[in-house]
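>
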Amino acid sequence: MDPNEFAALIGRHKQILLAAKAHKGQKPSSEASRRQLELQFHAAVSREPAVTKCKPADNVAQMEHPVMVQPVQGHHVRQHFISHAYPPSTTPVSELEAITISDLRLETHHRGRVLFVRTFGHPIRLSSVQNVIEDEHGDVDKLAVYNVDPTLDPEKLLPKGAIFAIKEPFYKTTADGGVSLRVDHPSDIIRLQPLDSNIPAGLSPRFVELDKSGADWKKEGNAAYASKDYIIAVDAYSQGLSACSADDEVLKCDLLRNRAMVNLCLKRHESALSDAKNSVIAASVDNDGGAMMQLNSKAYYRAGRAAYELGQFEQAEDLFSKAQALNPDDADAAREVKRIAARLSEMTSGSYDFAKMSKAASKKHNRLDHASFIKQGAVREAGKHGRGLFATVDIKAGELILCDKAFSVAFESEEGGQTFMIINLNTERGSMGTQATLLFNTVQKMLHNPGEATRFLHLHDGGYTPKCSAQVVDGIATIDTFQAQAIIEHNCFGCPTVRSTSKDAQQQAAKDMAGLGSSGIWVTASYINHACDGNARRAFIGDMMIVRATKDIAAEQEILMPYHLADADNGITQANFQRQWGFKCDCAICTAEARSPATQRKQRAKLVEDAKQFLKTHGPSAKSQPSTATITKAEKLYAKLQDTYDKQLFHDTPRIALVSLGIWLCQVRTHKPVPSVIIATAMGVLRDLGYSVVTAGPRVQFDRTHCHLESAAIDAAMYAAQSYIAQGEPGLGLQFEGFAKELYRTLYGEVRGFEERYGNGNGR
Ligand SMILES: C[S@@+](CC[C@H](N)C(=O)[O-])C[C@H]1O[C@@H](n2cnc3c(N)ncnc32)[C@H](O)[C@@H]1O
16 MDPNEFAALI GRHKQILLAA KAHKGQKPSS EASRRQLELQ FHAAVSREPA
66 VTKCKPADNV AQMEHPVMVQ PVQGHHVRQH FISHAYPPST TPVSELEAIT
116 ISDLRLETHH RGRVLFVRTF GHPIRLSSVQ NVIEDEHGDV DKLAVYNVDP
166 TLDPEKLLPK GAIFAIKEPF YKTTADGGVS LRVDHPSDII RLQPLDSNIP
216 AGLSPRFVEL DKSGADWKKE GNAAYASKDY IIAVDAYSQG LSACSADDEV
266 LKCDLLRNRA MVNLCLKRHE SALSDAKNSV IAASVDNDGG AMMQLNSKAY
316 YRAGRAAYEL GQFEQAEDLF SKAQALNPDD ADAAREVKRI AARLSEMTSG
366 SYDFAKMSKA ASKKHNRLDH ASFIKQGAVR EAGKHGRGLF ATVDIKAGEL
416 ILCDKAFSVA FESEEGGQTF MIINLNTERG SMGTQATLLF NTVQKMLHNP
466 GEATRFLHLH DGGYTPKCSA QVVDGIATID TFQAQAIIEH NCFGCPTVRS
516 TSKDAQQQAA KDMAGLGSSG IWVTASYINH ACDGNARRAF IGDMMIVRAT
566 KDIAAEQEIL MPYHLADADN GITQANFQRQ WGFKCDCAIC TAEARSPATQ
616 RKQRAKLVED AKQFLKTHGP SAKSQPSTAT ITKAEKLYAK LQDTYDKQLF
666 HDTPRIALVS LGIWLCQVRT HKPVPSVIIA TAMGVLRDLG YSVVTAGPRV
716 QFDRTHCHLE SAAIDAAMYA AQSYIAQGEP GLGLQFEGFA KELYRTLYGE
766 VRGFEERYGN GNGR
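Under the working numbering, the first residue of the sequence shown is numbered 16, with each subsequent residue one higher.
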């Protein structure tokens with residue numbers, strides 16, 4: 016988005032907030048009756064049915080100002096507006112003092128208070144899930160819950176007739192002049208069971224079956240599970256557990272085992288693990304040997320599944336082995352034991368079949384079943400970089416440093432993965448793409464997996480305060496969604512929907528820059544700091560990030576990778592880093608750029624612009640072959656740009672601005688090929704990328720110490736390879752080809768696609 020447009024948008028939202036603030040502490044000027052509110056709500060529903068696909072309509076803004084829809088580059092983009100941060104409630108419902116709707120004051124966080132309400136409409140999903148609510152006195156209002164699972168049916172979240180406790184409620188004026196309760200932290204809203212003693216008399220359901228037994232609840236839970244009403248099933252099993260007496264040991268184990276299954280379905284893996292482990296029937300309780308062994312095998316199996324999903328493969332192996340020992344005929348457990356062996360091997364030795372992984376990944380299947388490998392790195396203090404990832408052993412160029420499974424990911428091809436424009440008033444930053452969905456997915460994962468949340472919450476958040484520790488209160492982890500957003504802003508990676516390839520690299524880079532692609536969080540890789548000339552590069556297959564060394568890395572050296580590729584104009588590069596991550600890069604390239612005399616830098620910036628214009632007209636999309644005059648023009652431009660680089664300062668440092676023109680010259684020179692000329696041009700490109708290539712007799716030596724790896728290096732090596740072969744020096748040609756292949760594997764994770772792009776050698 017144009018920076019001016021963005022600034023105007025921020026300005027408009029600030030105005031809206033300022034206007035709303037004027038009402039702070041006041042009561043709403045008019046109170047809608049239940050009937051009026053219902054009519055208003057249904058009118059909004061009919062204007063904006065609960066669709067997940069965006070539509071270009073301004074009327075969406077009626078209910079909630081944070082959402083507007085506008086087309087950007089052919090995509091329909093929803094705006095997700097993040098207002099001023101406030102922390103989630105960390106007090107249990109039972110310790111908060113009740114408040115009613117008529118006591119609420121506008122623009123106020125009612126700290127220390129709790130509002131009990133019942134929903135009376137059918138919920139809708141805009142960028143929040145909304146419903147109409149009433150309190151114990153029959154007063155009514157609107158409720159909007161943000162940052163919830165985008166794929167969750169609103170009927171499951173805010174169903175009609177359910178009772179909720181809204182902790183420390185925030186009452187807001189909306190952009191259309193209305194009012195609404197706004198819940199930004201999903202842990203601030205707790206659904207209460209009909210028998211909950213906190214429910215005020217006026218809201219208590221009229222008919223509550225008081226004498227339901229644990230067995231009745233189990234039956235109810237099983238029925239809900241069968242109809243995939245997982246949240247209801249979890250609640251029923253929990254009620255059943257409360258209804259059990261001390262000697263209902265076997266029934267308690269049944270309820271826990273069943274709840275473990277439902278928690279697995281809900282991806283509440285930590286709860287599933289503890290439920291399943293607690294559901295193992297002790298030998299002292301029941302000695303009906305055969306049946307008990309079957310049930311316990313099931314319990315261990317479910318615990319194993321949960322441990323597997325949490326990436327705790329050693330524990331999962333132990334649990335599956337126990338399941339198998341109790342029930343040797345259990346084919347599922349036997350299969351899992353085998354599958355675990357593959358995960359353990361990946362985890363400990365980094366042995367992945369990347370070609371197989373890449374063949375398996377597709378738009379529909381991009382969450383892959385693999386373990387993370389992180390053996391060769393450790394997180395340590397890294398001076399002014401903050402914390403960083405360091406090599407603990409020597410790593411050779413091209414070697415795998417890590418292969419990391421995504422903590423959370425939002426693929427643009429998935430349901431709910433639509434494009435959002437996030438406007439964050441706290442940081443005055445904006446982003447476009449799947450980041451809002453990534454936030455919802457990440458928050459969802461953490462609410463019920465507090466141990467996992469801790470891993471995420473340790474990531475760099477740009478100094479956000481106060482920090483939240485995901486403590487479990489009222490059965491849910493308290494997650495500060497503003498902090499989660501701050502962490503995502505500093506750690507999220509754009510990624511392709513299926514895998515990195517040379518073919519989609521440019522398209523992906525453009526999407527990354529426009530922020531329109533898929534995105535994710537990879538926790539270990541998040542500790543890697545940036546350097547334009549770093550010693551590592553990342554690639555993706557599905558939701559696995561593969562990081563390989565681009566240079567030899569000595570033990571104890573910091574692992575660094577470019578967050579974005581350096582722009583030919585260093586001023587643009589630095590401005591991007593400052594804006595997005597708040598630092599100034601001081602790698603060798605940026606240091607040499609900064610030390611260049613101002614006149615040289617100015618001249619280079621101007622020539623870079625000329626080169627960009629030239630390539631726009633004559634680049635790969637040009638319709639005709641360039642004329643001799645055009646080639647001469649490019650040669651002159653290249654020479655002028657070369658002159659802007661001080662020979663001493665850039666002695667062995669990459670000269671980024673020359674690379675695109677150099678590759679263009681290689682390409683056009685293949686039209687009337689003179690191998691020696693192409694070789695010299697390709698060598699020039701490799702030199703401009705910081706590679707030192709020495710050919711001595713039949714051997715070539717490639718020194719990568721100062722290199723900056725980008726796809727142009729592979730192209731240049733292949734131009735050289737083909738030209739050496741053409742001039743009758745196949746030995747040299749093969750060495751350049753081998754080098755190109757290695758660079759390809761480092762840049763794109765594996766070699767699949769190399770031959771597709773460069774041929775298989777037979778045609779050369
Ligand atoms: C993804 S985090 C990297 C890990 C981070 N250093 C930490 O302590 O967790 C990105 C943040 O690291 C810091 N950073 C990364 N590269 C840097 C560099 N070259 N110079 C200074 N700070 C850097 C910036 O604060 C940036 O916002």
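All residues carry an ideal CB built from backbone N, CA and C; glycine is no exception.
First and last residue of the beta strand (DSSP E) that includes Val-715?
Note, Val-715: beta strand (DSSP E), 714–718.
> Please list the terminal residues of the continuous alpha helix (DSSP H) segment that includes Gly-236.
229–241
> Can you tell me the Cα-Cα spacing of Leu-704 and Thr-685, whole angstroms?
21 Å
> Give every residue of the same chain whose Cβ lies closer than 6 Å to the Cβ of Gly-549, excluding the five residues on either side of it in the sequence, and list them in chain order.
Leu-575, Met-576, Pro-577
> Got a sec? Which residues, its chain only, sit under 7 Å from Pro-103 by beta carbon, not counting five neighbours each side?
Setting aside the 5 residues that flank it on each side, Pro-103 is surrounded in the same chain by His-200, Ser-202, Asp-203, Cys-483, Thr-493, Ile-494, Asp-495, each with a C-beta closer than 7 Å to its C-beta; the list follows chain order.
> Roughly how many angstroms lie between the CA atoms of Val-513 and Ile-556, to the nearest whole one?
Looking at the two C-alpha atoms, the distance is approximately 6 Å.
> For His-633, count neighbouring C-beta atoms within 10 Å of its own C-beta (all shown protein chains included) and say buried if the count is 16 or more, exposed if not.
If you draw a 10 Å sphere on the C-beta of His-633, you find 16 or more other C-beta atoms in it, and that means buried.
> Tell me, which residues are paired with Ile-437 by DSSP?
His-95, Ser-446
> Counting C-beta neighbours from all protein chains within 10 Å, is the total for Asp-262 16 or more, i.e. buried, or is it exposed?
An exposed status is given to Asp-262, since fewer than 16 other beta-carbon atoms sit within 10 Å of its beta-carbon.
> How many angstroms separate the CA atom of Leu-256 from the CA atom of Arg-274?
10 Å
> Roughly how many whole angstroms lie between the Cα atoms of Leu-111 and Val-129?
Taking the straight line joining both Cα atoms gives about 6 Å.
> Please determine whether the Cβ atom of Cys-510 lies at a distance below 6 Å from any heavy atom of ligand 1.
no
> Inspect the beta-carbon positions of Leu-334 and Ala-349 and report whether they are closer than 7 Å.
Taking the C-beta atoms as reference points, Ala-349 is found no nearer than 7 Å to Leu-334.
> Sort Ile-114, Glu-285, Tyr-315 by Cα distance to Arg-10 and report the nearest one.
For residue 10 there is no data in the structure shown, the boundaries of the chain being 16 and 779.
> Taking 8 Å as the cut-off, does the stretch 501–510 touch the stretch 748–757 (at least 3 CB pairs, one atom from each stretch)?
no
> Can you find the residues in the same chain that come closer than 8 Å, C-beta to C-beta, to Asn-532, ignoring five residues on each side of it along the sequence?
The residue asked about is misnamed: residue 532 is Gly in this sequence, not Asn. Hits under 8 Å: Glu-427, Gly-448, Thr-449, Gly-509, Cys-510, Pro-511, Thr-512, Gln-523, Lys-526.
> Taking the beta carbon of Gln-51 as the centre, do at least 16 other beta carbons fall within 10 Å, making it buried, or is it exposed?
Counting Cβ neighbours within 10 Å, Gln-51 comes out exposed, since fewer than 16 surround it.
> Just to confirm, does Gly-597 get its C-beta within under 6 Å of one of the non-hydrogen atoms of ligand 1?
yes
> Alpha carbons only, please: which of His-137, Ser-44, Asp-244, Val-194 is nearest the one belonging to Glu-53?
His-137
> Between the alpha carbons of Thr-539 and Leu-173, how many angstroms are there, rounded?
36 Å
> Please determine, among Ser-611, Ser-726, Ala-654, the residue with the shortest C-alpha to C-alpha distance to Thr-565.
Ser-726
> At 4 residues or longer, what runs of the alpha helix (DSSP H) sit wholly inside the stretch 367–412?
369–375
> Relative to ligand 1, is the shortest distance from any of its heavy atoms to the C-beta of Gly-401 smaller than 6 Å?
yes
> Who are Tyr-186's beta bridge partners in DSSP?
Thr-123, Leu-196
> Measuring CB to CB, does Leu-207 end up less than 7 Å from Ile-178?
yes
> Answer with buried or exposed for Arg-714, where buried requires no fewer than 16 other C-beta atoms within 10 angstroms of its C-beta.
exposed
> Please report the residue range of the alpha helix (DSSP H) in which Ile-502 lies.
From DSSP, the alpha helix (DSSP H) with Ile-502 extends over 496–506.
> Assign Phe-422 to one of three DSSP states: helix, strand, or coil.
coil
> Check this for me: beta carbons of Lys-36 and Glu-122, under 7 Å apart or not?
yes
> Exposed or buried, what is Ile-97 when buried is set at 16 or more other beta-carbons lying within 10 Å of its beta-carbon?
With 16 or more other Cβ atoms within 10 Å, it is buried.
> Quick check on Asp-368: buried or exposed, where buried means 16 or more other Cβ atoms within 10 Å of its Cβ?
Asp-368 counts as exposed, since fewer than 16 other beta carbons sit within 10 angstroms of its beta carbon.
> Less than 7 Å between the C-beta atoms of Ala-258 and Ser-228, yes or no?
Contact: yes.
> Are there any heavy atoms of ligand 1 lying less than 6 Å away from the beta-carbon of Cys-600, as far as the coordinates show?
Indeed, a heavy atom of ligand 1 lies less than 6 Å from the Cβ.
> Pick helix, strand or coil for Glu-771, following the three-state DSSP scheme.
helix
> Check whether the stretch 690–705 and the stretch 664–681 are in contact - that is, three or more C-beta pairs closer than 8 Å.
Contact between the stretch 690–705 and the stretch 664–681 is present, with at least three C-beta pairs closer than 8 Å.
> Please confirm whether Ala-649 and Leu-673 have their CB atoms less than 7 Å apart.
no
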